[in-house]
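J.: Residue numbers (our numbering): 186 to 531. Sending over a structure as structure tokens; questions will come in a sec.
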Amino acid sequence: MVMNNKDRTIQILSSFSFMMLIFISIINPQNHSILYHFFTWLTWPTIFFIAGYSIDVNLKIGQSIFLAVKRYLVPYLSAGLLMIVMNKVVQLLQLSTWLNTPFPAMRTGLKALLYGNGSPVVTIFGFFDTGIGLLWLLIALFTGTLLMIFISKIKKMFWAVLIIILLGRLGFYLATFIQIPWSLESALIALPFMLFGVYYQKLDNWSAGPATVLAALIVDLTMSASTGLDMIVAYTPFWILGTLTGLISLAGVIVVASSLIKNSALTNLFAKIGSYLSLNLVVFIFINTMIPINNYIGGLLPTGMLSFIIIWLIMLIISTVIKFGLVKILKTFSGQKGELDEKVFK
């Protein structure tokens, strides 16, 4: 498949977002709050931006929805059910020393999976004391993509932006007292980043430069001193300022990624890491949820920078290797002789 510069930039962004997601998932937010906040402003906007870019606006609505189901919903349900079954096996065989048990019971896990809440929250059915964990990201990407499929059909950008602003405000408002099924609030506040991705497809060139990166660093660091972007509960103290911070930070990351495409070796490396993003996400989320790698490494090395880097590298390598194993299996079952169609798992 021949890629243009924007496609290469997206693959580099995909690898960035994946590596940053691993970073914010294993760092201790209490001990390193500014660093954690800093990367939340970069990670979540980038992931949803890529999801927006991945929407083919030329497809019919039904085709786009079917593709979103395969890209996000099927991996979400597959990984969730596997986690619930594995959770039960670990409980029955008393293997909790070696593997995590995120759910007290299968029924609780199924309830969280069907509702799509990432953490304990007040829902329309009352308080849920168990969430599905980081897997919320896939269902939020799915619901956000469904909304963006319809919004992307709006011809005039003014109306699309207005709808995005209103829906984003609704998402931040609802999150103050309740969580709607399928992490809808998270999807609503991510729509500006997804819309940016949709319109990035249509740009002939990206003219931003070092000044954008500098502005992104200043804004991100300033906000990170006090707060981050908490997507799991759709929270940031000032929703307009938070959205703008996310967009500016995202613009800075895009500039950095686009500058790296001149280096073919780096581009090829990042293309490998960032390919099939939804598979990357589901594999890492499963490993991070079920396998206490921190405990294994913590027993061998003292807590510190070295052990953190090793854990990060192990997570990255294992997730990437398993991803390509899944790609090979999917190619075999689908009967494809060439590359697996990356549109499905972009």
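Beta carbons are placed, not taken as given, at the ideal position from N, Cα and C, and that holds for glycine.
What are the uninterrupted segments assigned as alpha helix (DSSP H) that are 4 or more residues long and contained completely in the segment 407-481, given in chain order?
T.: You should have 424-445, 449-459 and 462-475.
J.: Does the segment 461-475 touch the segment 195-213, meaning 3 or more C-beta pairs lie closer than 8 Å?
T.: A contact exists between the segment 195-213 and the segment 461-475.
J.: For the alpha helix (DSSP H) containing valine 275, list its first residue and its last residue.
T.: Its alpha helix (DSSP H) spans residues 259-278.
J.: On the three-state DSSP scale, how would you describe glycine 489?
T.: It is coil, neither helix nor strand.
J.: Report buried or exposed for tyrosine 358, applying the criterion of at least 16 other Cβ atoms within 10 angstroms of its Cβ.
T.: It counts as exposed.
J.: In terms of residue numbering, what span does the alpha helix (DSSP H) encompassing phenylalanine 223 cover?
T.: Residues 218-238.
J.: Contact between the segment 233-253 and the segment 329-339: three or more CB pairs below 8 Å?
T.: Counting Cβ pairs under 8 Å, three or more are found: they touch.
J.: Just checking, does the segment 371-388 make contact with the segment 346-358 on the three C-beta pairs under 8 Å criterion?
T.: Because the criterion of three Cβ pairs below 8 Å is met, the segment 371-388 and the segment 346-358 touch.
J.: Could you check the C-alpha separation between proline 422 and glycine 431 for me, to the nearest Å?
T.: So the alpha carbons of these two residues sit roughly 13 Å apart.
J.: Using only alpha-carbon positions, find the residue among Ile446, Leu399, Asp415 and Tyr420 that is nearest to isoleucine 433.
T.: Nearest of Ile446, Leu399, Asp415 and Tyr420 to isoleucine 433, Cα basis: Leu399.
J.: Between the Cα of threonine 194 and those of Thr231, Ile476, Ile446 and Leu464, spot the shortest distance and give me the residue it belongs to.
T.: Among Thr231, Ile476, Ile446 and Leu464, the Cα nearest to that of threonine 194 is on Ile446.
J.: On the CB-based measure, 16 or more other CB atoms within 10 Å of its CB, does glutamine 279 come out buried or exposed?
T.: That one is exposed.
J.: Taking 8 Å as the threshold, find out whether the segment 288-306 comes into contact with the segment 259-279 through three or more Cβ pairs.
T.: Yes, the segment 288-306 is in contact with the segment 259-279.
J.: Please state whether DSSP places glycine 316 in a helix, a strand or coil.
T.: The answer is coil: DSSP assigns glycine 316 none of H, G, I, E or B.
J.: Please classify glutamine 386: does DSSP put it in a helix, a strand, or coil?
T.: Glutamine 386: helix per DSSP, three-state reduction.
J.: For the beta strand (DSSP E) that contains valine 346, what are its first and last residues?
T.: Taken as a continuous stretch (DSSP letters only), valine 346 belongs to no beta strand (DSSP E), being part of the alpha helix (DSSP H) at 342-359.
J.: Kindly indicate which three-state DSSP category valine 307 falls into: helix, strand or coil?
T.: Three-state DSSP puts valine 307 in a strand.
J.: Answer yes or no: do tyrosine 300 and threonine 293 have a C-beta to C-beta separation smaller than 8 Å?
T.: No.
J.: Compare the beta carbon distance of glycine 394 and valine 441 with 8 Å and say whether it is the shorter of the two.
T.: No, Cβ-Cβ distance for glycine 394 and valine 441 is not below 8 Å.
J.: With 16 as the cutoff for other CB atoms within 10 Å, does aspartate 405 come out buried or exposed?
T.: Aspartate 405 comes out buried.
J.: Near leucine 295, which residues of its chain fall below 7 Å by C-beta distance, leaving aside the five closest residues on each side in sequence?
T.: Around leucine 295: Ile269.
J.: Within a Cβ cutoff of 6 Å, which residues of the same chain sit near glycine 382, ignoring the five residues on either side of it in sequence?
T.: Counting only Cβ-Cβ distances below 6 Å, and skipping sequence neighbours, we find Phe234, Gly237 and Tyr238.
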